[in-house]
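See structure below.
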Amino acid sequence: MSVGERDPVTGHMTTGHEWNGIKELHTPVPKPVWFFLIAFTLFGVIWVLLMPSFPYGTGYFKGWLGVDQKQTLAERLQEGSADRAAWVARIESEDFATILKDADLMPIVRETGHTLFGDNCAACHGIGGTGNSGYPNLGAAPMLWGDDPQTIAETITVGINGDDPQTRVSQMLAFGRDQMLERPAILQLVTYVRSLSGLEERTAENAAAIDAGRELFAQNCVSCHGEDAKGQKDVGAPDLTDHFWTYGSGREAVYQSIYGGRQGHMPSWGLRLSPLDIKILTLYITDLREQRRATGGSGT
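Going by full-length UniProt numbering, the sequence shown opens with residue 1, and the numbers climb by one from there.
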């Protein structure tokens, strides 16, 4: 077969190659393909000439437009630093109440505080601050030492049972493990404590346990939790009459708290974070609590 043979079906010339009776056609490259090849080649040449591109010696071709991404980035970082310096100075100098009412500063506090909280606090307290088992709900639960901004800032700074010399110290005695109370007495205390928040209603079956638990509470617990069981902020003892339970409200969880005691830990963030970061975190948590209060936070 000759190269110049024309295929009778398609009308294309053949190449002269044949495999088992199948002839190879000599078909031209489609015009759209040529168009895009030429267009993108021209685009590449123009781009190389206009923009920084190939290196040579100790430098590189800077392009006819003189675009310098490094300089552009440096300028943007400088602008960002100037903007940051303005609001940083205001947060550092103004008091908590003023900042919390400032419609310009609070969006910055929420954005920056969300990042700080996610990086440092969310592992224990959850992304939304709703708490986990053993870690309190920061958005809604009463805070052991108080929830005014100054107190929150101090708690964040020194921590709880942390490494700071001024750390807050909080510990619940292990009444069972240290053999201060027998199991039957602990079970009575469990029934009474759960009844304080309405988790167990007084019935004929548990009336005796509640009465006995009340006596045991007066003998062993009021020095920290108070006679009304509403806790005492000066020692970080929680309110036992509300619906917030750091370690769980089930009978087994309450039993374990009384039997083995509790000694939670919060890092002394003043040894890790700057005063500015701690102030922003304080504002973020305070704002979070105000928002939850407005929408009605729930216990855990």
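Don't be surprised by glycine CBs; every beta carbon is placed ideally from N, CA and C.
- Taken through DSSP and simplified to helix, strand or coil, Gly80 comes out as helix.
- Within the DSSP bridge table, the entry for Ile22 names Trp19 as partners.
- In terms of Cβ geometry, Asp147 and Arg289 form a close pair [threshold 8 Å].
- Counting C-beta pairs closer than 8 Å gives fewer than three between the region 169 to 176 and the region 203 to 211, which falls short of the contact rule.
- If you draw a straight line from the Cα of Asp287 to the Cα of Leu100, it comes to about 7 Å.
- Between Ile258 and Ile156, the gap from beta carbon to beta carbon reaches 8 Å or more.
- The C-beta distance from Leu116 to Gly129 rounds to 12 Å, too long to meet the 8 Å contact threshold.
- A Cβ-Cβ contact shorter than 8 Å links Leu271 with Asp163.
- As for any alpha helix (DSSP H) of minimum length 4 sitting wholly inside the region 188 to 250, the runs are 207 to 220 and 222 to 225, ordered along the chain.
- Secondary structure at Ile186: helix, using DSSP grouped into helix, strand and coil.
- Cβ-Cβ separation between Leu216 and Leu189: approximately 5 Å, consistent with a contact (criterion under 8 Å).
- Contact check for Ile160 and Thr151: beta-carbon distance about 12 Å, past the 8 Å limit, so the pair fails to qualify.
- Under DSSP, Arg262 forms a beta bridge with Met172.
- Pro55 is bridged by DSSP to Tyr60.
- Per DSSP, Asn120 has no beta bridge partner at all.
- Boundaries of the alpha helix (DSSP H) around Val48: Lys31 to Leu50.
- Note that the C-beta distance between Val193 and Leu144 is not below 8 Å.
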